[in-house]
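For the working numbering, add 1 to where a residue sits in the sequence shown, where the first one is 1.
Using N, Cα and C, we set each Cβ at its ideal position, and we do this for glycine too.
Note that the structure is predicted; figures quoted are calculated from it, not measured.
This report concerns only the one structure given below.
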Amino acid sequence: MNSLANDISGSTPHALPSLGVVLVAAGRGERLGAGAPKAFVELHGRALLEFGIGVVTSLPHTGHLVVVAPESHAALALEIVDQVLPQESPWEVSVVHGGRERHESVRFGLEALPESVETVLVHDAARPFASAELFERVLAEVVRTGDAVVPALPVVDTLKRVDEDGIVHETVDRATLVAVQTPQGFVRETLAAAHATAQIQRENDAPTDDAEVVQRAGARVRTIEGEQRAHKLTTPADLAILEHFLTENLLGREAAPAGSHGASL
Ligand code: CTP
Ligand code: MG
């Protein structure tokens, strides 16, 4: 397979294996209860999906982005792509329908990537403010190690193990625990093979991220430092947190000197 990594010219700072990004936006958003899938909920008049497409297509690579949307919202997703993607963008963007579970949506997205894609980042549209810098760090670590790579933050709360009645049985040592985020990065073959295995079809035990999918298939997953702004919209309380990051970022942009690029949203 032709690989850009074979181009060792020092003048190509982004000589990387062909990149694909799967942006999953096909969930129902039941815990948020907004009456619309989360990726289409608006902040300051912009759907979360707009921010996600914006940050991915601002990465300094050529690549293929697949947006995985609910069937009911696929046309709207295409409209958003048209709005956000600059005419001269080197990114190719397509929209496909999602599945019932997140891992199915990811599989459909993977299947829509061209054969030439060797490295894949999977990202939740529900994390609209993950920075371009985080995408770059995940990607660089996949290229460096060949392992699956996930951003992670330390757990700050004291953790208890409880039973079905809510009775506490023990305090869990949080020193060895982390909370993981997206974008998560993979060698395409590893992720595609893992998604094709039977282990992830276990009844009532669907994997909630791709690190879990590849781990069930026996691959190694390593963590890198995550970031607060990659926070996920899950419940209504998260709206205030995202609002904070949006406002902070916009202010940062206004304060930036003319001609400079603020952090991309
Ligand atoms: N997702 C998806 N397809 C699914 C389920 C989830 O593409 N069948 C996506 C969501 O759109 C979201 C990300 O996976 O961007 C993380 O999932 P989650 O936070 O669980 O979102 P929802 O499933 O939409 O929310 P809920 O579980 O509250 O219904
Ligand atoms: Mg869900």
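May I ask you to report which of helix, strand or coil DSSP gives residue 102?
-> Of the three classes helix, strand and coil, the one that applies to residue 102 here is coil, per DSSP.
Span separating the alpha-carbon of residue 148 from that of residue 24 = Going from the Cα of residue 148 to the Cα of residue 24 covers about 20 angstroms.
Cutoff 6 angstroms; reference residue 51; Cβ partners in own chain excluding five residues on either side = 81 and 85
Supposed contact pair residue 115 and residue 227 - C-beta distance, whole angstroms, cut 8 angstroms = At roughly 29 angstroms, the Cβ-Cβ gap does not stay under 8 angstroms, so residue 227 and residue 115 are not in contact.
Leaving out the 5 sequence neighbours to the left and right, which residues in its chain are closer than 8 angstroms to residue 242 when beta-carbon positions are compared?
-> 232
Every unbroken alpha helix (DSSP H) within the segment 9-72, with a cutoff of 4 residues, ordered by chain = 49-58
Figure out for me which residue from 198, 123 and 162 has the closest Cα to the Cα of residue 65.
-> 123
How big is the Cα-Cα spacing for residue 247 and residue 121?
-> 27 angstroms
Return the chain-ordered ranges of every beta strand (DSSP E) run that is complete within the segment 181-238 and spans a minimum of 3 residues.
-> Fully enclosed beta strand (DSSP E) runs of 3 or longer: 185-188 and 222-226.
Residue 83 (DSSP reduced to helix, strand or coil) = helix
For the ligand CTP, any of its heavy atoms closer than 6 angstroms to the Cβ of residue 106?
-> Yes.
Assign residue 159 to one of three DSSP states: helix, strand, or coil.
-> Secondary structure of residue 159 (DSSP, three-state): coil.
List the whole-angstrom C-beta distance separating residue 179 from residue 143, where the pair is believed to meet the contact cut-off of C-beta under 8 angstroms.
-> Between residue 143 and residue 179 the Cβ distance is about 18 angstroms, and since that is not below 8 angstroms, they are no contact.
Can you list the residues near the ligand CTP, meaning Cβ strictly closer than 7 angstroms to any non-hydrogen atom, in the order they appear in the chain?
-> This criterion selects 25, 26, 27, 28, 29, 30, 31, 32, 33, 38, 39, 40, 69, 99, 100, 101, 102, 103, 105, 106, 125, 126, 127, 209, 233 and 235.
Which value, in whole angstroms, describes the spacing of the CA atoms of residue 37 and residue 249?
-> Each residue's CA atom was taken as its position, placing residue 37 and residue 249 some 26 angstroms apart.
Note down, in chain order, each residue of its chain lying with its Cβ closer than 8 angstroms to the Cβ of residue 139, except the 5 sequence neighbours on either side.
-> 122, 150, 151, 152, 184, 185, 186 and 225
Can you tell me whether DSSP reads residue 118 as helix, strand or coil?
-> Three-state DSSP puts residue 118 in coil, outside helix and strand.
Opposite residue 248 in the DSSP bridges: which residues?
-> BP columns for residue 248 are empty, so no partner.
Segment limits, alpha helix (DSSP H) that includes residue 171 = From DSSP, residue 171 is part of no alpha helix (DSSP H) but of the beta strand (DSSP E) over 169-173.
Who are the near neighbours of residue 190 in its chain, counting only those whose CB is closer than 6 angstroms to its CB and skipping five residues on each side?
-> Once the five neighbours on either side are set aside, residue 190 has no close Cβ partner at all.
Quick one: give me the first and last residue of the alpha helix (DSSP H) that residue 130 is part of.
-> Note, residue 130: premise wrong, no alpha helix (DSSP H); not H, not E.
Secondary structure of residue 178, DSSP reduced to three states = coil
Going by alpha carbons, who is nearest to residue 174 out of 198, 102 and 161?
-> 161
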